[in-house]
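Just so you know, we're using our numbering here: the sequence shown kicks off at 3 and counts up by one. The beta-carbon is built from N, C-alpha and C at its ideal position, and this holds for glycine as well.
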Amino acid sequence: MMRIGMAPEVSAAVRTDPGMLRAVNEDSALLEFPSYLVADGMGGHEAGDQASRAAVDAFASVIRPGELSTVRDVGLALDAAREAVGAVAAHRERGAGCTLTGAVMVRHEDRACWLVLNVGDSRVYLHRGAELHQVTVDHSLRDEMIAGGARPDALPGRNVITRALGSADTTADSWLLPVEDGSRLLICSDGLTTEVDDQQLRAALTMGGQPDAVVEELVQRANEAGGRDNITVLVVDVLSGGSAWHVSAEPESSIATESENDRTLTATVPRRGQ
């Protein structure tokens, strides 16, 4: 639980687990106010876990802990993560990479906001009351084919990531959302979402209690369902000091743009609810 200056008070917890079948955990996480991130490594033993750890460590080195950040600094942190993963991949014959997904609390126009970012198929969900909304969009071949109207029988058998740090396309999406009292963020790798559906996620987030209890329950559910991949679950609750305004029904996404020179993130505030 933490309250820094005029920042909203939050409570957060994280749990990462290798799952039931993997010997190595290639996931990494960052839980240090104002940053809450999950990275899912790719590239096999050593390469994947090194890539994910390099990404979160480089990101954390740019964001000043204990205070609200800025959209610009998050963009610089993302660039640092790209470079760090690129350095790991350069020394691997088969390359290496990772997803990078999460939320950083930033100050925007004198308000505390969540800057949600995503590269890959890890996810951020927003939970309010008994409602659950997936904020991020998966960068995967399956999801792109579904969005294009592909038939279920035409979908690939395994998920193929179309964006990742360390790959040809490292473009990040971003969404700028209000920090609302009573809201909860779920940030997770696909080791959770391939085993536990959205209805189960919603139930656990609604009834599960404090963040530390919720992350334990969700990891347990994923393992009981098969635990075929590494599982990382991070939950952040906004306890007080959040904004009074809110987005309506679904959070409106705001895709990040990047300058030709430094690829710094920009984002716009979603429409306010009526």
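Along the length of the segment 181-260, whole alpha helix (DSSP H) runs at least 4 residues long occupy 192-195, 200-209, 213-226, reported in chain order.
Where ALA170 is concerned, there is no enclosing beta strand (DSSP E), because DSSP gives it neither an H nor an E. In this chain, the beta strand (DSSP E) harbouring ASP42 covers 37-44. Counting the other CB atoms within 10 Å of its CB gives MET44 a total of 16 or more, which places it among the buried residues. The beta carbon of GLN136 sits closer than 7 Å to the beta carbons of ARG125, TYR127 from its chain, once the five residues preceding and following it are set aside; these are given in chain order.
Annotation for ASP59: no beta strand (DSSP E) segment contains it, though the alpha helix (DSSP H) segment containing it runs 49-64.
Between VAL221 and ARG17, the gap from beta carbon to beta carbon is short of 8 Å. Spanning the alpha carbons of VAL216 and ARG186 requires a straight line of approximately 11 Å. Counted as a single uninterrupted DSSP element, the alpha helix (DSSP H) harbouring GLU85 occupies residues 73-92. Cβ-Cβ distances below 7 Å link GLU34 to ALA62, PRO67 in the same chain, with the five nearest sequence neighbours on each side left out; the list follows chain order. If you ignore the 5 residues before and after ALA98, its C-beta comes within less than 6 Å of the C-beta of GLY45, ALA49, ALA53, VAL90, ALA91, GLY168, all in its own chain and listed in chain order. Between ASP140 and the set ALA25, THR195, LEU23, GLY211, the nearest pair of CA atoms involves THR195. DSSP, reduced to helix, strand and coil, places LEU143 within a helical segment of the structure shown.
For the set ILE65, ALA15, ARG84, the Cα lying nearest the Cα of VAL76 is the one of ILE65. The Cβ-Cβ distance between SER71 and LEU119 does not fall below 8 Å. In the DSSP assignment, THR103 falls within the unbroken beta strand (DSSP E) covering 102-110. With a cutoff of 8 Å on beta-carbon distance, GLY122 and ILE163 are scored as near each other. With contacts defined by Cβ atoms closer than 8 Å, ASN27 and ASP59 do not form a contacting pair.
Sorting GLY193, ARG223, ASP239, LEU203 by C-alpha distance to the C-alpha of ILE233 places GLY193 at the top.
DSSP places THR164 in the coil class of the three-state scheme, outside both helix and strand.
Distances from the CA of GLY184 to each of TYR38, ARG96, GLN212 were compared; the closest alpha carbon is that of GLN212. Under DSSP, LEU23 takes part in no beta bridge, so it has no partner. For ASP29, the uninterrupted beta strand (DSSP E) run begins and ends at 29-34, by DSSP. The Cβ atoms of LEU241 and GLU11 lie closer than 8 Å to each other. Relative to the Cα of VAL106, the nearest Cα in the group ASP19, GLU197, SER37, ASN225 belongs to SER37.
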